[in-house]
Amino acid sequence: MFLAFCLAITVYSCSKESETTPKPQPEPNPEPQLTGKIVFSKSFGDTVGVGIYDVDKDSLSIHNLVEPALNPYYVDPKLLFDKSGYFVTVQTGNNQFGLFYASADAKEKKAIQNTELFTVVSPSPDGKKLAIAHPDANGNYQLFQADISGLNKKQLTSFTRPIGKVNVANLCWSNDGTIFFMSNVDTPRANAYSINPATGHLKKIPNSTGKSMFFTSVSKDGKKILYYHSTGTGASEVFSMNVDGSGTRQLTNFGRLTGDAAWSPDGNYVVFSSDFESPKESGYDNLYIITSDGTPVRKITNNTSGYLWYADWK
Numbered sequence: 001m002f003l004a005f006c007l008a009i010t011v012y013s014c015s016k017e018s019e020t021t022p023k024p025q026p027e028p029n030p031e032p033q034l035t036g037k038i039v040f041s042k043s044f045g046d047t048v049g050v051g052i053y054d055v056d057k058d059s060l061s062i063h064n065l066v067e068p069a070l071n072p073y074y075v076d077p078k079l080l081f082d083k084s085g086y087f088v089t090v091q092t093g094n095n096q097f098g099l100f101y102a103s104a105d106a107k108e109k110k111a112i113q114n115t116e117l118f119t120v121v122s123p124s125p126d127g128k129k130l131a132i133a134h135p136d137a138n139g140n141y142q143l144f145q146a147d148i149s150g151l152n153k154k155q156l157t158s159f160t161r162p163i164g165k166v167n168v169a170n171l172c173w174s175n176d177g178t179i180f181f182m183s184n185v186d187t188p189r190a191n192a193y194s195i196n197p198a199t200g201h202l203k204k205i206p207n208s209t210g211k212s213m214f215f216t217s218v219s220k221d222g223k224k225i226l227y228y229h230s231t232g233t234g235a236s237e238v239f240s241m242n243v244d245g246s247g248t249r250q251l252t253n254f255g256r257l258t259g260d261a262a263w264s265p266d267g268n269y270v271v272f273s274s275d276f277e278s279p280k281e282s283g284y285d286n287l288y289i290i291t292s293d294g295t296p297v298r299k300i301t302n303n304t305s306g307y308l309w310y311a312d313w314k
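In this text, residue positions in the sequence shown follow the UniProt record's numbering: the first is 1, and each later residue adds one.
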């Protein structure tokens with residue numbers, strides 16, 4: 001009897017302990033954080049220049065690198081991966097082009113080169129090289145790799161087309177040193193491509209849209225791209241896709257001009273440009289941040305004149 005009583009007490013105690021002792025809960029996944037810097041081109045309107053948005057501080061500034069009297073047009077600014085500065089091409093009213101470098105705080109500004117050739121560049125992840133695209137003597141755009149100073153240039157491509165000229169734009173690097181870009185090298189439509197600068201191996205990213213695929217950004221791990229294409233008269237939308245052509249996802253659905261998207265450094269967010277909140281034919285747009293599945297997060301500009309293009313996020 002005493003033994004049975006002790007066993008009953010033991011069982012009761014264990015059951016009470018199991019009822020009152022909470023089970024350990026798994027650690028919640030930390031919320032992705034908005035961080036980094038976003039650069040973009042501010043064209044036309046009341047002010048022009050390179051916009052710098054500090055994501056952490058939610059603050060915005062506009063940099064002017066040349067005299068406004070020259071009627072400058074700023075094209076495709078690209079941040080260094082360490083966010084300390086950026087490169088940008090500036091076209092002036094006399095049809096001259098200049099490649100500029102500026103520090104993120106605008107305390108340092110310098111011209112890298114001046115040319116009559118329209119040139120776009122993108123700095124490598126280690127900050128030691130530039131991917132460069134400009135036309136050759138026949139008017140076909142070619143890809144080059146150079147030192148970060150723009151010197152010691154090595155030609156990577158010899159693009160030609162039987163009809164028309166080859167265009168190259170929107171140069172981006174993934175972390176492994178692959179260069180991604182948009183071109184019409186083998187079709188009248190724009191498509192996305194990648195090239196290994198060490199081997200020269202060129203790869204076309206599948207395009208099943210039947211339309212021009214305007215590539216704008218690659219994720220840092222090189223697994224996903226962003227692009228936009230026309231979805232009707234006066235309308236375009238932003239899409240994401242795996243680099244093998246699978247997993248296409250439409251991220252915006254405004255029925256207005258929307259594009260120029262860029263991945264956040266962690267790949268959890270996307271910044272893009274759109275005029276969906278402005279009156280039609282108003283001639284201005286704004287920049288917005290969404291999650292990688294298209295959920296709205298933040299409007300980062302309050303622009304009322306001119307266009308905000310060529311966003312880059314590091």
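Cβ coordinates follow ideal geometry from the N, Cα and C atoms, glycine included.
Starting from the C-beta of residue 296, find all residues in its chain whose C-beta is less than 6 Å away, skip the five residues before and the five after it, and write them out in chain order.
290
Could you check whether the region 103-121 touches the region 244-256, counting it as contact only if at least three pairs of C-beta atoms, one from each stretch, sit closer than 8 Å?
Too few Cβ pairs lie closer than 8 Å, so no.
So, under 8 Å CB-CB, residue 55 and residue 37 are touching, yes? Tell me the CB distance rounded to an integer number of Å.
7 Å
Counting pairs of Cβ atoms below 8 Å between the region 256-276 and the region 202-212, do you hit three or more?
no
State yes or no: is the C-beta of residue 262 within less than 7 Å of the C-beta of residue 238?
no
Close Cβ partners of residue 152 (< 7 Å) along its chain, the five nearest in sequence each way excluded
146
Report yes if the CB atom of residue 41 is closer than 7 Å to the CB atom of residue 309, and no otherwise.
yes
Using CA atoms only, rank isn't needed, just tell me which of 89, 39 and 288 is closest to residue 97.
89
Below 7 Å between beta carbons: does that hold for residue 175 and residue 125?
yes
Proximal residues to residue 200 (C-beta, below 7 Å), its chain only, five neighbours per side dropped
156
Tell me the residue span of the beta strand (DSSP E) that contains residue 182.
Where residue 182 is concerned, the enclosing beta strand (DSSP E) stretches over 179-183.
Determine the DSSP secondary structure at residue 269, reduced to helix, strand or coil.
strand
Answer with buried or exposed for residue 300, where buried requires no fewer than 16 other C-beta atoms within 10 angstroms of its C-beta.
buried
Residue 33 versus 93, 292 and 311, residue with shortest Cα-Cα distance:
Minimum Cα distance to residue 33 is reached at 292.
My understanding is that residue 171 touches residue 137, with C-beta atoms under 8 Å, so please give their C-beta distance in whole angstroms.
At roughly 21 Å, the Cβ-Cβ gap does not stay under 8 Å, so residue 171 and residue 137 are not in contact.
Which runs of the beta strand (DSSP E), 3 residues or longer, sit entirely within the region 120-166?
120-123, 129-135 and 141-147
Just the C-alpha distance for residue 217 and residue 185, rounded to the nearest angstrom, thanks.
In this structure, the CA atom of residue 217 is about 19 Å from the CA atom of residue 185.
Hey, would you say residue 192 sits closer than 7 Å to residue 159, going by beta carbons?
no
What number of angstroms, rounded off, separates the C-alpha of residue 236 from the C-alpha of residue 167?
Whole-angstrom Cα-Cα distance: 21 Å.
Once you ignore the five residues that flank residue 64 on each side, which residues in its own chain have a CB closer than 7 Å to its CB?
49
Where DSSP assigns a beta bridge to residue 229, which residues make up the other side?
237
Please report the residue range of the beta strand (DSSP E) in which residue 42 lies.
37-43
Residue closest to residue 271, alpha-carbon to alpha-carbon, out of 244, 304, 240 and 202:
240
Which whole-angstrom value is the C-beta distance of residue 267 and residue 221, which I expect to be below 8 Å?
7 Å
Which residues in the same chain have their Cβ closer than 6 Å to the Cβ of residue 189, if we skip the five residues on either side of it in sequence?
212
Reduced DSSP category for residue 104 - H, G, I as helix; E, B as strand; rest coil:
coil
Nearest candidate by alpha-carbon position, reference residue 143, set 183, 227, 91 and 82
With distances taken between Cα atoms, residue 143 lies closest to 183.
Option in 105, 128 and 86 with minimal Cα separation from residue 111
86
Residue 114, enclosing beta strand (DSSP E) - first and last residue:
109-115
Beta-carbon proximity of residue 288 to residue 43, cut-off 7 Å
no
Could you name the residues of the same chain whose beta carbon sits closer than 8 Å to that of residue 357, not counting the 5 residues immediately before and after it, in chain order?
The requested residue 357 is not part of the displayed model; the chain covers only 1 to 314.
Are the CB atoms of residue 316 and residue 60 nearer to each other than 7 Å?
Look at the range of the chain in this structure, 1 to 314, and you will see that residue 316 is not part of it.
Under a three-way DSSP split, which group does residue 69 fall into?
Residue 69: helix per DSSP, three-state reduction.
Around the C-beta of residue 51, are 16 or more other C-beta atoms found within 10 angstroms, so that it is buried, or is it exposed?
buried
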